[in-house]
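See structure below.
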Amino acid sequence: MLRRHLAVAVSTLLLSAGIVQAERHIYVADHSIKKVLKITDDGKVLWEADNNNGHDVQLLKNGNVLVNCPPGVREYSPDGKIVWEAGKDVVGGAEAAQRLENGNTVIADNSKHRVVEIDQNKKIVWSYDVPNSNNRKAATMRQVRRLDNGNTLICASTLDKVLEVDKDGKTVWQYEVPFPYLATRQANGNTIISSGDGYGSPQGFFVIEVDKDGKTVWKYGGADAPKEQKLNWPSGFVRLANGNTLISEAHAGVIREVSPDKKIVKVIKSPAMKHPCTLVVVEE
């Protein structure tokens with residue numbers, strides 16, 4: 553009984569002191585409105601900046617926001633000022649961008665179908681030519697992510713493969729999937745991948761988690777999924793700490809939160825959001 557009274561007393565003190573629970577906010581790269589947005593769960597826009605219909609967004613440790621803003625890449629301060637930019641003199645068709653711990657930036661450059669790493673002076677210090685061994689007329693890739701082990705995870709979309717390549721350009725892991733959009737490596741070694749379609753690739757329309765041997769651990773959506781689990785072009789996603797997964801449905805203009813047992817927890821909509829792509833989730 554004493555513990556219960558203490559808990560109530562503490563809760564009352566916190567409320568009276570104006571301390572409130574952190575609220576979830578989501579940064580969204582939108583491919584239709586030429587903006588990157590920061591929204592609440594109820595769709596209210598808190599912040600926005602130009603992205604020229606780019607697909608990618610990263611929140612940096614200094615509070616700035618990195619976006620691909622085709623043809624290049626931009627870093628914005630919280631007040632919307634451009635504080636760093638890599639333009640046509642460096643890349644011609646930036647599809648994805650990731651700032652590394654050492655200050656370098658990894659960029660997927662679709663104009664040359666290659667991935668580059670540039671230093672803070674915008675000099676190329678590493679590059680990898682993404683293969684087009686199936687000879688697609690319009691070869692393209694989507695998101696790339698540098699891993700903690702130093703390798704690079706590449707969505708070779710028109711190759712219908714996710715490739716993990718080392719610093720020497722050797723493929724050390726791969727997984728076949730229709731038009732991969734985003735692939736992220738989890739702490740347990742599993743890889744989560746979103747699958748779309750286009751450019752001659754078959755339709756996937758699912759998000760799948762596979763282990764290091766390529767065995768399916770979890771899958772949501774796809775042709776064999778129940779109607780309520782169908783996805784309308786899954787692009788970005790985030791695996792949350794509670795095990796739920798946020799999934800951008802690019803052609804539906806919404807973000808769906810689903811539980812590990814594939815129940816719909818929430819559908820996030822915003823009048824400002826039309827074609828959501830990659831996401832960053834923050835609690836503040």
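Sequence positions in the sequence shown follow our numbering and run 553 to 836.
Each residue gets a CB set at the ideal place from its N, CA and C atoms; glycine is no exception.
Leaving out five residues before and five after residue i in sequence, what residues of the same chain have Cβ atoms less than 7 angstroms from its Cβ?
i: ARG791; result: GLN738, ILE744, THR797
i: HIS827; result: ASP582, HIS583, SER584, ALA802, GLY805
i: ARG808; result: ILE799, GLU801, ILE816, VAL819
i: LYS674; result: ALA638, VAL642
i: GLY750; result: PHE731
i: VAL562; result: Because the pLDDT at VAL562 is just 40, under 50, the model does not fix this residue reliably, and the point stays unresolved.
i: ARG688; result: THR710, TYR751, GLY752
i: GLY774; result: GLY756, PHE757, PHE758
For residue i, is the classification buried or exposed, using 16 other Cβ atoms within 10 angstroms of its Cβ as the cut-off for buried?
i: PRO754; result: exposed
i: GLU761; result: buried
i: ASP594; result: exposed
i: LEU652; result: exposed
i: GLU637; result: exposed
i: ASN620; result: buried
i: GLN695; result: buried
i: GLY756; result: buried
i: ALA559; result: Note that ALA559 scores 44 on pLDDT, short of 50, meaning its location in the model is unreliable and no value can be drawn from it.
i: LYS779; result: exposed
i: GLY721; result: exposed
i: ASP712; result: buried
i: SER568; result: In this predicted model, SER568 has a pLDDT of only 47, less than 50, meaning its place in the structure is not dependable; the value taken from the coordinates is given anyway. Exposed, because fewer than 16 other Cβ atoms sit within 10 Å of the Cβ of SER568.
i: GLY632; result: exposed
i: GLY615; result: exposed
i: PRO823; result: exposed
i: THR564; result: Note on THR564: pLDDT 44, under 50, position unreliable in the model; the coordinate value appears next. The residue is exposed, with fewer than 16 neighbouring Cβ atoms inside 10 Å.
i: ARG555; result: The pLDDT assigned to ARG555 is 42, lower than 50, so where the model puts this residue is not dependable; a value taken from the coordinates is nonetheless given after this. ARG555 should be labelled exposed.
i: ALA793; result: exposed
For my contact list, residue i and residue j are in at a C-beta cut-off of 8 angstroms; report their separation, rounded to the angstrom.
i: ALA581; j: THR830; result: 5 angstroms
i: VAL810; j: TYR772; result: 6 angstroms
i: VAL609; j: VAL597; result: So it is not a contact: roughly 14 angstroms between Cβ atoms.
i: GLN650; j: ARG697; result: 6 angstroms
i: VAL806; j: ILE820; result: 6 angstroms
i: VAL542; j: THR657; result: With the chain represented from 553 up to 836, any question about residue 542 goes unanswered, as that position is not in the structure.
i: GLY752; j: THR692; result: Going by Cβ atoms, the distance from GLY752 to THR692 rounds to 10 angstroms, so no, they are not a contact pair.
i: ASP763; j: GLY741; result: 7 angstroms
i: TYR579; j: VAL759; result: Contact doesn't hold; Cβ gap of about 19 angstroms is too wide.
Let me check understanding here. Comparing Cα to Cα, which of the options lies closest to residue i?
i: SER800; options: TRP678, VAL597, GLY788, ASN794; result: GLY788
i: THR704; options: GLY748, ASP712, VAL724; result: VAL724
i: ALA677; options: SER709, VAL714, ILE659, LYS815; result: Strictly speaking, residue 677 in this sequence is Val, with Ala absent from that position. Comparing Cα positions, the closest option is ILE659.
i: GLN781; options: ASP813, GLY752, ALA793; result: ASP813
i: GLU669; options: SER746, VAL642, TYR733; result: VAL642
i: CYS707; options: ASN684, ASP700, LYS689; result: ASN684
i: ARG666; options: ASN673, LYS675, VAL682, LYS674; result: VAL682
i: ALA735; options: LEU715, ALA824, GLY615, PRO823; result: LEU715
i: TRP599; options: GLY752, HIS607, LYS590; result: LYS590
i: GLY795; options: ALA775, TRP770, VAL832; result: TRP770
i: ALA601; options: VAL588, HIS607, ALA775; result: VAL588
i: ALA648; options: ASN687, GLY774, TYR733; result: TYR733
i: ASP661; options: ALA775, ALA793, ALA777, HIS607; result: HIS607
i: SER746; options: ALA793, TYR680, LEU783; result: LEU783
Name the two residues that bound the continuous beta strand (DSSP E) containing residue i.
i: ALA648; result: 646–651
i: GLY624; result: 624–628
i: LEU589; result: 587–592
i: TYR733; result: 732–737
i: LYS713; result: 713–717
i: SER746; result: 743–747
i: ALA638; result: 634–638
i: ALA601; result: 597–602
i: GLU669; result: 666–670
i: TYR579; result: 576–582
Among residues of its own chain, excluding the 5 on either side of residue i, which ones have a beta-carbon nearer than 6 angstroms to its beta-carbon?
i: TRP785; result: GLY748, ALA802, HIS803
i: VAL635; result: GLU627, SER629
i: GLN672; result: GLY655
i: ALA690; result: TYR751
i: ALA777; result: none
Quick one: residues in its chain with C-beta nearer than 8 angstroms to the C-beta of residue i, no 5 flanking neighbours on either side, listed in chain order?
i: GLU847; result: In this structure the chain extends from 553 to 836, so residue 847 is not present and cannot be described.
i: GLY702; result: ASP718, LYS719
i: PRO623; result: GLY639, LYS640, VAL643, GLY644, GLY645, ALA646, SER663
i: ASN604; result: LYS586, CYS621, PRO622
i: LEU566; result: For LEU566, the pLDDT reaches just 43, beneath the cut-off of 50, and the residue's location in the model is therefore unreliable, although a value from the coordinates is still provided. If we look at LEU566 and ignore the five residues flanking it on each side, it has no Cβ neighbours.
i: LEU612; result: LEU618, GLU627, ARG651
i: ASN686; result: THR710, LEU711, ASP712
Within 7 angstroms of any Cβ in chain D, is that where the Cβ of residue i sits?
i: ASP661; result: The structure shown has no chain D; it contains just one protein chain.
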